[in-house]
Amino acid sequence: MKTTLALFFLTLPLAAAAVTPSPYAGQETRGIKALSAKEQADLLAGKGMGLAKAAELNGYPGPAHVLELAKELSLSAEQRAKTEALFQVMETRAKALGRQIVDAEAGLEALFAGKQVTAALLDEHLARIGALQAQLRGAHLATHLEQVRILTPGQVAHYGVLRGYAAAEPAATPERSRGGGHDHAHGHAHRH
Numbered sequence: 001m002k003t004t005l006a007l008f009f010l011t012l013p014l015a016a017a018a019v020t021p022s023p024y025a026g027q028e029t030r031g032i033k034a035l036s037a038k039e040q041a042d043l044l045a046g047k048g049m050g051l052a053k054a055a056e057l058n059g060y061p062g063p064a065h066v067l068e069l070a071k072e073l074s075l076s077a078e079q080r081a082k083t084e085a086l087f088q089v090m091e092t093r094a095k096a097l098g099r100q101i102v103d104a105e106a107g108l109e110a111l112f113a114g115k116q117v118t119a120a121l122l123d124e125h126l127a128r129i130g131a132l133q134a135q136l137r138g139a140h141l142a143t144h145l146e147q148v149r150i151l152t153p154g155q156v157a158h159y160g161v162l163r164g165y166a167a168a169e170p171a172a173t174p175e176r177s178r179g180g181g182h183d184h185a186h187g188h189a190h191r192h
């Protein structure tokens, strides 16, 4: 009896593991299995989807967030107009590329769903999807490159603070404001 109970408890985790659903369970009902509804909507709307993090998190602001922070960044009328134009160009390009990516993914989906896929067709579709994804990411990153040229270095630094990527600059102390005291950060060597 003890042996039977021991075997039962030892095999219980194995039985549970056998019925654990895949993390993909439920996704088999998607029209395009590789893309969630949100991913499709974001692609079609030209959203950033984190594609420009390499720029954003390294001091190259994006126009959408610059426009959101226009007041805090004290954008001039010219800077605002240039940023709005830059955003419109990027958004138009991103929407067009997003549509092409969704369509290409639908084509790949159809090949697999219709059991029509071959190695050659797979390579062809993957190359197209990969090229489109690279173009989309490039469109977002290039926009950040252009945006940084529109802003002053001070605005770029303040943007980083406002977005939470950089620490706020220390407030001026009365001694510094009057030129009194000294700042160890200026590279002066002191002998003690």
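Residue numbers for the sequence shown follow this note's numbering, so the first one is 1 and each next one is one higher. Backbone N, C-alpha and C define an ideal beta-carbon position, used for all residues, glycine too.
Unbroken alpha helix (DSSP H) runs of no fewer than 4 residues, entirely contained in the segment 95-129, are not found. With fewer than 16 other CB atoms across the displayed protein chains lying within 10 angstroms of its CB, P23 is exposed. Counting every other CB atom within 10 Å of its CB across the protein chains shown gives Y165 a total below 16, marking it as exposed. By the criterion of a C-beta distance shorter than 7 Å, G107 is surrounded in its chain by H125, once the five residues flanking it on both sides are discounted. In this structure, E72 sits away from L151, with a CB-CB distance that is not shorter than 8 Å. Here the alpha carbon of E146 sits roughly 8 Å from the alpha carbon of L86.
Per DSSP, reduced to three states, the secondary structure at T152 is coil, with no helix or strand assignment.
By the Cβ criterion, the segment 91-109 is in contact with the segment 34-53, since at least three pairs of Cβ atoms, one from each stretch, lie closer than 8 Å. Around the Cβ of A139, a 10 Å sphere holds 16 or more other Cβ atoms; the residue is buried.
Within the same chain, and ignoring the five residues on either side of R99 in sequence, the residues whose Cβ sits closer than 7 Å to its Cβ are L44. Between E68 and H144 the beta-carbon gap is near 15 Å, outside 8 Å, which marks them as no contact. Excluding five sequence positions before and after Q27, the CB atoms of its chain that fall closer than 7 Å to its own CB belong to K33, given in chain order. With contacts defined by Cβ atoms closer than 8 Å, A64 and G48 form a contacting pair. Annotation: the continuous alpha helix (DSSP H) that includes A64 extends over 63-68.
Rounded to whole angstroms, R137 and A52 show a C-alpha spacing of 7 Å. Looking only at M90, L132, L122, T118, the smallest Cα-Cα distance to L141 is reached by M90.
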